[in-house]
Amino acid sequence: MTDKKTIYDKIWESHVVSTNDDGTTILYIDRHLVHEVTSPQAFEGLRIAGRKVRRPEFTLATADHNVPTSDRDKGITDPDSKLQVDTLEQNAKENNITYLPMSDKRQGIVHIVGPEQGFTQPGMTIVCGDSHTSTHGAFGALAWGIGTSEVEHTLATQTLIQTKAKNMCIKITGKAIEGVTAKDIVLAIIRKIGTAGGTGYVIEYTGEAIRNLSMEGRMTVCNMSIEAGARAGLISPDKTTFEYLKGRPLAPAGKEYDDAIKYWESLATDDGAHYDETVEINADDIIPQITWGTSPEDVVSIDGFVPDPTNEENADKKKSIERALDYMGLEPNTPVNEIKVDKVFIGSCTNGRIEDLRAVSIIAKGRKVAESVHAMIVPGSGLVKEQAEKEGLDKIFIDAGFDWRDPGCSMCLAMNADKLQPQERCASTSNRNFEGRQGRGGRTHLMSPQMAAAAAITGKLTDFRDL
Amino acid sequence: MEKFNKLSGHAIPLRITNVDTDMIIPKQFLKTIKRTGLGEFLFFELKFDQDGNKIDSFALNQDQYKGASILIAGKNFGCGSSREHAPWSIADYGIKCIIAPSYADIFYNNCFKNGILPIILDEKTVGRLQDTAENTLNFKIDLEKQNITYVENNEQKEISFDIDPAKKNCLLEGLDDIGLTLNKAVSIGNFEGNQEKETPWLYGNKLT
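Residue numbers (the working numbering), protein chains in the order written: chain A, 136 to 602; chain B, 45 to 252.
Structure representation (structure tokens):
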């Protein structure tokens, strides 16, 4: 047995409360993010059992899935959405949990709010009733999505009963080609390992191309770990991480910040630590990526073609390609850069941060959204929106014909009014292209913010580097 | 939670791989604040077309599968979101056991919190069971013995399955996880005391 450990091993070991007779572990949970969709039944469960929230100060709540992204002065008009959001506010109040309402400029998508506020820190265990909790792994935290029963368990006990996953290393060697973003890297990863490739694993992303990413880019990569089937994805923290945290409202300050850095530095994976599985991808091989089908593994490069099911030997795969082509309304062997779009959605916990919007503004500046396209930009939080407006990005977007909106999950999953109509085709910076994900019958192509912006301008999927 | 031990019933073959949680329960039904009543919306967009007409070719709409309590599905079942509405809708519909070659991690764990037994068998066996299920045969599932039995062509068949002992026990006993963990409140308190000493910056900061 080696004493070299991965960052996952270290965080796991430092959070073990006790080991049960059946081999499961009670793991301490440092931070818990709560949103309106997956929490009402958990709070109801506590009430029925007469239980209390053990650590309200370790819990942060905000509404994101259901909130409108326009005409906010009218409030939430959908009665079911309103009830869910009101229920969260009431539950937070009754349990002394900090709640950021729509009227608070810090409100936004939980996975954008947590990092912004310094709620997310290296070495922590973080959970949320939301699969994209893996986003927080960018800080070298162990963060994963849970169901509502586990939300209730966390609220009541500040722990979860867990079994340890295996370690996977995904190494992106070399430097990314100019114009290739974190989104392209993670789509290339899912293309390679598949949507079940990470099942049973926690993925650690390493290599020069990962190291060179900003915190925002790292969040994009870790965010989509769940699309590769992994329980969580993380990146050992470094100077980029510590710099990002400095001065955040909930980050340690002064001497505590210095002490924390010493601790955070100790978290990085030891040289020679054992991984159960290692995958290497050369950054040189990655150009802008997009999805053509209805699974996040249905990825091609922008200079590629829609696949032909007759070339597939595996019967199951053949059937699923045929089903996806039918749903997407695509012909085999079509060059993907000829596919026309009706809508563009820029936002979500994957790509709704300020750097994403800056990248979009560079492409939008001095150009116009194609007449046939409706293109919306939804900032990930009120603070992202405020920052973008401070930098004048909103003017660039509006002048170019983009629809500049208020923060929320929006058309990533279409729980509010922002959704695709049947057969509408969308260039989207979100994370899932499942059937019906952005609205029943809607057709989603996933891509980077730059690529989505280029699609808005040309009206079809486009390599933005050619603009 | 309801205990799971033995189950006897018909099975529905669902021959789609990578069935995601958006397929299982579309987002328009996530706006509830209750756990119950989601069964009628299970696989809603596979059951009904955009005009609300029943899609006859979909197994759940076929009379022979009415009242079935077992679902035999393709690999990577339940991928996508963490919504527990997925297992809630499955249980509320009356399905207490799923058989598939593999599951997405969060969905798999969620099943055990809701009295649903997710059995893992190799792809070939699952395919064979899907064929068998089309003849509306009765399957018997025994969690204690970890086997599936049925009669085909007057022959008694038995397939055994593996399951993690802790998860098995959880279903057999219908345990209240939270109650059990709360029994360890002293250990949790001790952990917090030590953690506060070692990493004090994790304590005391709260947003206002």
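The beta-carbon is built from N, C-alpha and C at its ideal position, and this holds for glycine as well.
Residue span of the alpha helix (DSSP H) that contains residue i, given as start and end
| i | result |
| --- | --- |
| S216 of chain A | 214-229 |
| E524 of chain A | 517-525 |
| F480 of chain A | From DSSP, F480 of chain A is part of no alpha helix (DSSP H) but of the beta strand (DSSP E) over 478-481. |
| D451 of chain A | 450-463 |
| F88 of chain B | 88-91 |
| D206 of chain A | Note, D206 of chain A: premise wrong, no alpha helix (DSSP H); not H, not E. |
| Q239 of chain B | 229-242 |
| P584 of chain A | 584-593 |
| K250 of chain B | Neither: K250 of chain B is in no alpha helix (DSSP H) and is coded neither H nor E. |
| G352 of chain A | 350-358 |
| R560 of chain A | Premise fails: R560 of chain A lies in the beta strand (DSSP E), 560-563, not in any alpha helix (DSSP H). |
| K110 of chain B | First-last for K110 of chain B: undefined, no H or E at that position. |
| E343 of chain A | 343-346 |
Residue j beta carbon less than 8 angstroms from that of residue i
| i | j | result |
| --- | --- | --- |
| E415 of chain A | K240 of chain A | no |
| C68 of chain B | F87 of chain B | First, the amino acid is wrong: residue 68 of chain B is Ile here, not Cys. It is a contact, given that the beta carbons lie within the stated cut-off. |
| H150 of chain A | T260 of chain A | yes |
| A144 of chain B | K119 of chain B | yes |
| N472 of chain A | I422 of chain A | no |
| E287 of chain A | A177 of chain A | yes |
| I592 of chain A | A523 of chain A | no |
| G89 of chain A | A459 of chain A | Absent from the model: residue 89 of chain A. The displayed extent of chain A is 136 to 602, so no value can be given. |
| R575 of chain A | E432 of chain A | no |
| A311 of chain A | A418 of chain A | yes |
| N201 of chain A | K75 of chain B | yes |
| C547 of chain A | L555 of chain A | no |
| E391 of chain A | P244 of chain B | yes |
| F205 of chain B | T65 of chain B | no |
| I498 of chain A | A395 of chain A | no |
| G253 of chain A | H267 of chain A | no |
| N182 of chain B | Y194 of chain B | yes |
Option in the options with minimal Cα separation from residue i
| i | options | result |
| --- | --- | --- |
| D175 of chain B | B:G223, B:I160, B:A103, B:F156 | B:A103 |
| G249 of chain A | A:L295, A:T194, A:P203, A:T283 | A:T194 |
| D94 of chain A | A:K478, A:E457, A:E432 | As shown, chain A starts at 136 and ends at 602. That puts residue 94 of chain A outside it, with no answer to give. |
| M624 of chain A | A:T173, A:D394, A:E570, A:T270 | Nothing about residue 624 of chain A can be read from this structure; chain A reaches only from 136 to 602. |
| K71 of chain B | B:D220, B:L226, B:A210, B:E128 | B:E128 |
| F48 of chain B | B:I77, B:F156, B:F73, B:D100 | B:F156 |
| P214 of chain A | A:M550, A:L168, A:K595, A:W427 | A:M550 |
| H170 of chain A | A:G543, A:Q556, A:G571, A:Q558 | A:G543 |
| P175 of chain A | A:L223, A:R186, A:H200, A:R366 | A:L223 |
| K453 of chain A | B:Q106, B:I60, B:H54, B:S52 | B:I60 |
| S516 of chain A | A:W147, A:H246, A:G352 | A:H246 |
Supposed contact pair residue j and residue i - C-beta distance, whole angstroms, cut 8 angstroms
| i | j | result |
| --- | --- | --- |
| G364 of chain A | A331 of chain A | 5 angstroms |
| I114 of chain B | I139 of chain B | 7 angstroms |
| T255 of chain A | A276 of chain A | 6 angstroms |
| L187 of chain B | L216 of chain B | 6 angstroms |
| G83 of chain B | D166 of chain B | Not a contact, Cβ separation roughly 30 angstroms. |
| T204 of chain A | D553 of chain A | 6 angstroms |
| G594 of chain A | K475 of chain A | 6 angstroms |
| L528 of chain A | R493 of chain A | 7 angstroms |
| S153 of chain A | S231 of chain B | 5 angstroms |
| D399 of chain A | P257 of chain A | Checking the sequence shown, residue 399 of chain A turns out to be Trp, not Asp. Correct: roughly 4 angstroms between the Cβ atoms. |
| M45 of chain B | D208 of chain B | Incorrect: roughly 17 angstroms between the Cβ atoms, too far for contact. |
Bounding residues of the beta strand (DSSP E) (the contiguous stretch that carries residue i)
| i | result |
| --- | --- |
| L13 of chain B | Residue 13 of chain B lies beyond the range of chain B shown here (45 to 252); nothing can be said about it. |
| V63 of chain B | Here V63 of chain B belongs to no beta strand (DSSP E), and DSSP marks it neither H nor E. |
| G571 of chain A | Per DSSP, G571 of chain A belongs to no beta strand (DSSP E) and is neither H nor E. |
| T579 of chain A | 578-581 |
| K184 of chain B | 183-186 |
| I134 of chain B | No beta strand (DSSP E) contains I134 of chain B, which is instead part of the alpha helix (DSSP H) from 129-137. |
| L528 of chain A | Taken as a continuous stretch (DSSP letters only), L528 of chain A belongs to no beta strand (DSSP E), being part of the alpha helix (DSSP H) at 528-535. |
| A55 of chain B | 55-58 |
| I146 of chain A | Run containing I146 of chain A: none in the beta strand (DSSP E); it sits in the alpha helix (DSSP H), 142-148. |
| E46 of chain B | E46 of chain B -> no beta strand (DSSP E), and no H or E assigned at all. |
| C547 of chain A | Taken as a continuous stretch (DSSP letters only), C547 of chain A belongs to no beta strand (DSSP E), as it is neither H nor E. |
| G368 of chain A | 367-369 |
| V471 of chain A | Counting along the chain, V471 of chain A falls outside any beta strand (DSSP E), and DSSP gives it neither H nor E. |
Near the ligand SAH: residue i beta-carbon under 7 angstroms from a heavy atom
| i | result |
| --- | --- |
| S583 of chain A | With respect to small molecules bound, the structure shown includes none, and the ligand SAH cannot be examined in it. |
Below-8 angstroms beta-carbon distance, residue i vs any chain E residue
| i | result |
| --- | --- |
| H288 of chain A | Annotation note: the requested chain E is absent from the structure, which comprises protein chains A and B. |
Mind pulling the alpha helix (DSSP H) runs of 4 or more residues that sit fully within the region 243-330 of chain A? Complete alpha helix (DSSP H) runs here, min 4: 245-252, 283-292, 317-328.
I'd like the ranges of any beta strand (DSSP E) spanning at least 3 consecutive residues and lying wholly in the region 378-455 of chain A. Runs of the beta strand (DSSP E) inside the region 378-455 of chain A: 412-417, 424-426, 434-436.
Taking the runs of the beta strand (DSSP E) that are 3 residues or longer, which of them lie wholly in the region 158-198 of chain A? Listed in chain order, the complete beta strand (DSSP E) runs (minimum 3 residues) inside the region 158-198 of chain A are 160-163, 166-169, 194-197.
3 or more residues per run - each beta strand (DSSP E) lying fully within the region 487-520 of chain A: Within the region 487-520 of chain A, the complete beta strand (DSSP E) runs of at least 3 residues fall at 509-512.
Which runs of the alpha helix (DSSP H) fall wholly inside the region 155-222 of chain B and span at least 4 residues, in chain order? The alpha helix (DSSP H) runs lying completely inside the region 155-222 of chain B and spanning 4 residues or more are 167-177, 209-217, given in chain order.
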